[in-house]
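Numbering (the working numbering), first residue to last: 22 to 445. Notes for the one structure printed next.
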C-alpha cells in the first residue's frame, strides 16, 4: 500500500462521480460502492476492476444512494457472476493495486497536461502588473509577440551583452500571418488621417553631458505618439479613436513593452519597468528626411519641480517596409556598439526588430530617398525604462566621441551639483 495513488483513496471524498459505464459499473452499487474517478487523475476504477480478477471492496455506511437488497440482487444478477465482496482492508488493497497498475498511464496523462497548461504558484486575484501582462496576450499579434520574446529572450540578451545591440528578422512571421503588412497599413491609415506631425524643435534637440545640440533634421520627417489612458475625457476619446484605426499597432506595442521587460531584464540582470514606457510611430517621407545623431539617454532634465533623472534603458525599433530597397536609404545607424569600427548600419527591412542600450549608444538614420508613398519608411520606436536609475550607466565621454561638434571640447563630468540639477 505504499504506492503514490493510495493518498486518493479516501472513500468519503472519492465517491463523488458515478460514471455508469458497462456492466462492471452497474454491479458496483450492489457491493456498496459507486463507480468513480480519482480526483486529478481521470482513472476510472470501474474499468480497472473489470481488468482485475477481483471486485471492489464495500464502501462505508456514509456512501450515497445505495440500492435496496432486492434491487442489488437484480442488478448483480443482470451483471453476471462476481466475486464475493472482501473485507475493508482487502478492498483498499485491491483499489491500491488497480491504481498502481494504471500509474504509467496516469503519469503520461499528467505530463501531457503539464505541457499544455502553465503552472500558477499564486492564490487569490492577480496583481495589477500580472493582469496587464495577461491582458496583453489575448489577441493574436500579442500571442505571437509573447511567444517570440520567450523563445528568443536568452539569444537577445546574449547579443545585447556581446555586441550592444540585437537584431531579429521575421519577428512577426513575415507574410505567413500578415501582421507586418497589417501594421504598415494601419500606420498609413493614421498618416492619411493627419495623426502624424512634425517633431518640435525642443524634441529634436539632444544633450551630451553639459552640452546641448540642436539638430536641423525635422523636414519631411513626421511622428505620431502612441497614446495611453490619460484620465481626461477628451484624451480618452483620442485613445479610443487611435485604437479603432490601428488596433494591431496598439496591441503590438503594448505587448512589446510588457513582455520584453520581464525576460530581457532578467536575462540582462537589469530590471525593466512594465508600468512606464514611451512609444511612437515615425515616418521618413523621402526628400532626404533623416535623424541626426542623438544620445539614447541624456542623464536628466531640469524642471520646475527640480531635477528629473532619465531612466531610459532599452530602445527598440520595429520596421514595416514591404517595398524596402537598399538604395532607398533610411538605415538605422548605431555608434558606440561593440564592432570592429564601433558602429553598425542596419537596413529598415520589413518585419525587422532591433534593440540596443539607450545609455550606451548614439543612434541616427540615413537620409531617405523614397520617391513614392509606398516607399516611405515607417517604423515603431519604443523606449523601456529601468526600474532603478542605479542601472543607468551614463558616460558622456562615450557619446562625445561620435559628435563632431564636441571634438576638442572639455567635458567636466560629473558636475559639482550632480543629482540635483544640470548646467543650463
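Note that the Cβ used here is the ideal one computed from N, Cα and C, for glycine as well. Predicted model, so just to flag it, every value in this text is computed and none were measured.
Where residue i and residue j are concerned, what is the direct C-alpha to C-alpha distance, given to the nearest angstrom?
i: residue 204; j: residue 245; result: 14 Å
i: residue 319; j: residue 174; result: 27 Å
i: residue 390; j: residue 238; result: 15 Å
i: residue 257; j: residue 215; result: 18 Å
i: residue 393; j: residue 400; result: 17 Å
i: residue 299; j: residue 326; result: 21 Å
i: residue 271; j: residue 406; result: 19 Å
i: residue 296; j: residue 408; result: 9 Å
i: residue 432; j: residue 234; result: 14 Å
i: residue 434; j: residue 421; result: 12 Å
i: residue 328; j: residue 436; result: 13 Å
i: residue 192; j: residue 341; result: 11 Å
i: residue 380; j: residue 274; result: 21 Å
i: residue 372; j: residue 190; result: 6 Å
i: residue 262; j: residue 247; result: 11 Å
i: residue 382; j: residue 260; result: 32 Å
i: residue 143; j: residue 315; result: Low confidence applies here, because residue 143 scores a pLDDT of 38, under 50, leaving its location unreliable and the question unanswered by this model.
i: residue 331; j: residue 202; result: 34 Å
i: residue 223; j: residue 305; result: 19 Å
i: residue 303; j: residue 162; result: 20 Å
i: residue 198; j: residue 324; result: 46 Å
i: residue 384; j: residue 160; result: 32 Å
i: residue 171; j: residue 362; result: 32 Å
i: residue 334; j: residue 378; result: 6 Å
i: residue 360; j: residue 180; result: 12 Å
i: residue 440; j: residue 226; result: Any reading at residue 440 must be qualified, since the residue scores a pLDDT of 48, below 50, and its modelled position is unreliable; the value itself is stated next. Cα to Cα, the separation comes out at about 22 Å.
i: residue 388; j: residue 249; result: 31 Å
i: residue 311; j: residue 265; result: 30 Å
i: residue 268; j: residue 178; result: 29 Å
Determine the DSSP secondary structure at residue i, reduced to helix, strand or coil.
i: residue 219; result: strand
i: residue 286; result: helix
i: residue 164; result: helix
i: residue 228; result: strand
i: residue 202; result: helix
i: residue 245; result: strand
i: residue 239; result: coil
i: residue 367; result: strand
i: residue 427; result: helix
i: residue 408; result: coil
i: residue 192; result: coil
i: residue 170; result: helix
i: residue 270; result: helix
i: residue 275; result: helix
i: residue 177; result: helix
i: residue 77; result: Per-residue confidence for residue 77 stands at a pLDDT of 38, beneath the threshold of 50, marking its modelled position as unreliable; no derived number is given.
i: residue 402; result: strand
i: residue 233; result: strand
First and last residue of the alpha helix (DSSP H) that includes residue i?
i: residue 432; result: No alpha helix (DSSP H) holds residue 432; DSSP gives it neither H nor E.
i: residue 257; result: 254-266
i: residue 448; result: No information on residue 448 is available, as it lies outside the stretch 22 to 445 that the chain covers here.
If you follow the beta strand (DSSP E) that residue i is in, where does it begin and where does it stop?
i: residue 315; result: 312-316
i: residue 340; result: 333-340
i: residue 323; result: 321-324
i: residue 330; result: 327-330
i: residue 304; result: 293-305
i: residue 375; result: 373-378
i: residue 395; result: Per DSSP, residue 395 belongs to no beta strand (DSSP E) and is neither H nor E.
i: residue 356; result: 353-356
Count the other C-beta atoms from every protein chain shown that fall within 10 angstroms of the C-beta of residue i, then say buried if there are 16 or more, exposed otherwise.
i: residue 322; result: exposed
i: residue 396; result: buried
i: residue 169; result: buried
i: residue 369; result: buried
i: residue 404; result: buried
i: residue 196; result: exposed
i: residue 176; result: exposed
i: residue 255; result: exposed
i: residue 386; result: buried
i: residue 366; result: exposed
i: residue 57; result: Because the pLDDT at residue 57 is just 36, under 50, the model does not fix this residue reliably, and the point stays unresolved.
i: residue 221; result: exposed
i: residue 287; result: exposed
For the segment 196-210 against the segment 350-369, are there 3 or more C-beta pairs whose distance is under 8 Å?
no
Three or more C-beta pairs closer than 8 Å, one from the segment 416-429 and one from the segment 288-295: is that the case here?
no
Are the segment 222-235 and the segment 276-283 in contact at 8 Å, needing three or more beta carbon pairs?
no
Counting Cβ pairs, one atom from each stretch, are 3 or more of them under 8 Å apart for the segment 421-428 and the segment 333-347?
no
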